[in-house]
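Q: Once you've had a glance at the structure underneath, I'll fire off some questions.
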């Protein structure tokens with residue numbers, strides 16, 4: 089009987105002890121002499137050795153939590169989670185978060201490496217002059233394909249928009265379910281600016297998409313990479329990051345940036361507003377961002393994640409294999425033709441009207 | 046008590062005339078069972094097999110390898126997530142087992158005002174969708190200005206685990222003859238003594254079963270944990286879900302295989318304890 093007594097009391101004690109330990113280890117503990125930074129990041133999106141290196145250089149321990157989508161990140165922060173210092177939202181999410189006053193401004197004088205950012209990333213439309221965030225990794229919106237179908241990479245929008253060529257993949261083509269991305273791709277194919285507000289050009293782009301509409305299986309932004317893997321889709325318009333994920337499961341899957349140009353996107357290092365309100369946390373956050381943007385560290389990250397870094401001086405630290413991979417680092421003449429999607433204000437209505445016509449017919 | 050009765054009906058069915066019909070029935074039944082088990086265990090088997098695959102591509106078998114287990118043990122973030130999960134599961138299990146047991150004893154053995162509403166309310170956390178419960182909890186923590194982290198996850202897990210523990214313990218409680226406790230009281234044991242010497246030992250298999258269920262539910266939970274977690278408290282399910290977006294590697298297979306082995310061991314342990322408890326009772 090005594091043993092059972094002990095089991096019960098033991099359970100209680102374990103519970104109490106663990107709870108206490110958890111309280112002590114949580115972010116609420118301020119008496120800790122050790123400096124800690126909370127980093128909220130995409131999973132597998134940083135070279136893990138950098139945590140130790142940062143600790144050696146500054147004495148600050150980084151604790152990483154992970155999220156799986158921009159919407160999850162937003163939901164988490166809006167639900168009242170305080171304590172995250174540095175977060176990694178994508179461009180459109182930065183735009184939203186700035187509007188919601190969720191980000192602190194970036195003190196450029198504390199970022200010694202800010203001059204290493206490639207000028208083509210230094211003034212993004214969603215955050216002019218990098219006032220809030222430092223670009224972390226970038227990619228493009230292009231074409232995902234399977235090498236079983238091709239001898240040479242389909243590096244042109246004509247494979248999707250030329251009716252004769254698209255017919256080869258009738259019923260197996262998908263486009264992103266996003267008016268700006270998909271009409272933007274058609275505009276680039278036609279040689280126009282994907283940020284145009286000229287109604288006639290947008291009309292023309294709409295007609296290009298309507299002409300190949302019979303061959304389109306779906307407008308899909310969420311599961312197209314799975315469908316590409318399963319063979320349901322043969323040729324997809326999608327984000328480079330998603331296609332590289334699919335590539336991890338099937339080496340025949342690959343990605344091409346069309347020669348005509350493409351839309352580019354970027355994930356960013358930002359400081360949360362609540363970290364910005366606390367000078368000690370803000371200081372640590374700036375150190376971490378500056379550390380990640382040191383050319384050597386930015387290069388190490390690219391080698392680990394296989395995404396391109398916007399740090400132009402990181403090139404000597406990046407594996408040649410990645411620099412030669414055109415789906416990550418496009419040749420200069422294509423790089424020059426990459427566009428941001430800029431906020432359009434009222435002109436967005438023209439896109440939305442065209443988009444409704446496309447999806448409803 | 047139930048098992049012998051069941052056997053009796055089965056053997057009666059087997060003795061029915063019309064032997065060939067039953068043969069065909071047996072074949073169909075076996076085939077059906079086989080398919081059923083294949084459906085349930087097939088994916089698990091594939092998952093386990095591919096955790097030992099030398100290639101990172103699930104489309105290709107490249108020989109037996111422990112590479113992914115090696116990688117897993119070197120993955121610091123994964124180790125951290127496992128540690129977080131264990132903190133959350135063990136503390137929420139301990140707390141909810143104690144409270145759940147006390148609630149079951151109170152409802153089954155005592156009459157008091159508010160007993161019926163309490164009885165009904167106990168089922169609420171099981172019925173309410175996870176997402177609704179998660180949002181309610183987050184709103185509540187916001188209201189009382191509690192910063193999200195380990196403590197809020199544990200409180201939330203306790204909130205839903207109490208119900209599951211209580212259900213398991215109560216079902217055991219109904220099998221215990223109340224006259225045993227009355228007899229103890231007649232022999233001058235006070236209620237405290239009667240509980241610890243009579244009720245508790247008889248209840249123990251139920252309590253352990255309930256604790257095990259609570260531990261498993263807590264270890265698995267994604268939705269409620271996602272909403273109530275804060276900086277530094279990413280649990281294993283949150284971590285694994287995050288990895289899905291950046292590509293499922295065989296590392297995920299490896300951690301799943303290990304988790305499955307661990308829960309299997311826990312189940313066997315609990316059955317063993319329950320068997321011992323029954324033998325002693």
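Residue numbers (the working numbering), protein chains in the order written: chain A, 89 to 449; chain B, 46 to 326. All C-beta atoms in this analysis are idealised placements derived from N, C-alpha and C, irrespective of residue type, glycine included. Values in this document were obtained by computation on a predicted structure and should not be read as measured data.
1) Could you please give me the residues that DSSP links to residue 411 (chain A) through a beta bridge?
2) Give me, in chain order, the residues of the same chain whose beta-carbon lies closer than 6 Å to that of residue 427 (chain A); leave out the 5 immediate sequence neighbours on both sides.
3) Pop quiz: residue 285 (chain B) and residue 300 (chain B) are said to be a contact at Cβ under 8 Å. What is the actual Cβ separation, rounded to whole angstroms?
4) Could you tell me whether any Cβ in chain B is nearer than 8 Å to the Cβ of residue 154 (chain A)?
5) Any beta-carbon of chain B closer than 8 Å to the one on residue 213 (chain A)?
6) Return the Cβ separation of residue 214 (chain B) and residue 137 (chain B) in integer angstroms, given the expectation that the two are a contact with Cβ distance under 8 Å.
7) Can a CB atom of chain A be found closer than 8 Å to the CB of residue 233 (chain B)?
8) For residue 330 (chain A), count neighbouring Cβ atoms within 10 angstroms of its own Cβ and tell me buried if that reaches 16, exposed if not.
9) Could you have a look at residue 145 (chain A) and say whether DSSP puts it in helix, strand or coil?
10) In chain A, what lies closer than 9 Å to residue 254 (chain B) by C-beta?
11) Could you tell me whether the Cβ of residue 331 (chain A) comes closer than 8 Å to any Cβ of chain B?
12) Based on Cα-Cα distance, which residue from B:312, B:304 and B:294 lies nearest to residue 116 (chain B)?
13) Terminal residues of the continuous beta strand (DSSP E) containing residue 437 (chain A)?
14) Cβ of residue 286 (chain B) less than 8 Å from any chain A Cβ?
15) Pick from A:206, A:184, A:208 and A:142: whose alpha carbon is nearest that of residue 214 (chain A)?
16) Buried or exposed: which applies to residue 152 (chain A), given that a residue is buried once 16 or more other Cβ atoms fall within 10 Å of its Cβ?
17) Alpha carbon to alpha carbon, how far is residue 431 (chain A) from residue 380 (chain A)? Give it in angstroms, no decimals.
18) Can you tell me which of the three DSSP states residue 386 (chain A) falls into?
19) Can you pull the chain A residues whose beta carbon is under 8 Å from the beta carbon of residue 183 (chain B), in chain order?
20) Could you run through the stretch 131 to 149 of chain A and flag, in chain order, every residue whose CB is less than 8 Å away from some CB of chain B?
21) One question on the structure: do residue 170 (chain A) and residue 192 (chain B) come within less than 8 Å of each other, judged by their Cβ atoms?
22) Using a Cβ distance threshold of 8 Å, determine whether the stretch 256 to 274 of chain A contacts the stretch 291 to 311 of chain A, with at least three qualifying pairs required.
23) With distance defined between alpha-carbon atoms, name the residue in B:267, B:306 and B:302 nearest to residue 287 (chain B).
24) So, at 6 Å on beta carbons, what are the nonlocal neighbours of residue 175 (chain B) in its own chain, with the 5 sequence-adjacent residues on each side left out?
25) Consider the Cβ of residue 336 (chain A): report whether some Cβ of chain B lies at a distance smaller than 8 Å.
26) Could you say which of A:147, A:180 and A:271 lies nearest to residue 447 (chain A) if we only look at CA atoms?
27) So which residues on chain B does residue 171 (chain A) lean against when the C-beta distance must stay under 7 Å?
28) DSSP has residue 261 (chain A) in a bridge; who is on the other side?
29) For residue 124 (chain B), decide whether its Cβ has a neighbour in chain A, counting only Cβ atoms nearer than 8 Å.
30) Beta-carbon within less than 6 Å of residue 179 (chain A)'s beta-carbon, same chain only, minus the 5 sequence neighbours each way: which residues are those?
31) Does the beta-carbon of residue 335 (chain A) have 16 or more other beta-carbons within 10 angstroms, so that it is buried, or is it exposed?
32) Using a C-beta to C-beta distance shorter than 8 Å, which residues of chain B count as neighbours of residue 126 (chain A)?
33) Which bits of chain A does residue 186 (chain B) rub up against, with CB to CB less than 8 Å?
34) Check whether the stretch 140 to 160 of chain A touches the stretch 370 to 389 of chain A, counting contact only when three or more Cβ pairs, one atom from each stretch, lie closer than 8 Å.
35) Determine the DSSP secondary structure at residue 126 (chain A), reduced to helix, strand or coil.
36) Should the stretch 219 to 234 of chain A be regarded as contacting the stretch 334 to 349 of chain A, the criterion being three or more beta carbon pairs within less than 8 Å?
A: A quick look at the data gives this:
1) In DSSP, residue 411 (chain A) forms no bridge with anything.
2) 282 and 351
3) 7 Å
4) yes
5) no
6) Contact doesn't hold; Cβ gap of about 16 Å is too wide.
7) no
8) buried
9) helix
10) Result: empty, since nearest Cβ-Cβ is about 14 Å, beyond 9 Å.
11) no
12) B:294
13) First-last for residue 437 (chain A): 436 to 448, but that is the alpha helix (DSSP H), not the beta strand (DSSP E).
14) yes
15) A:184
16) buried
17) 28 Å
18) helix
19) 167 and 168
20) 131, 132, 133, 136 and 139
21) yes
22) yes
23) B:267
24) 268 and 269
25) yes
26) A:271
27) 192, 275 and 276
28) A:304 and A:323
29) no
30) 214, 353 and 354
31) buried
32) 276 and 277
33) 168
34) yes
35) strand
36) yes
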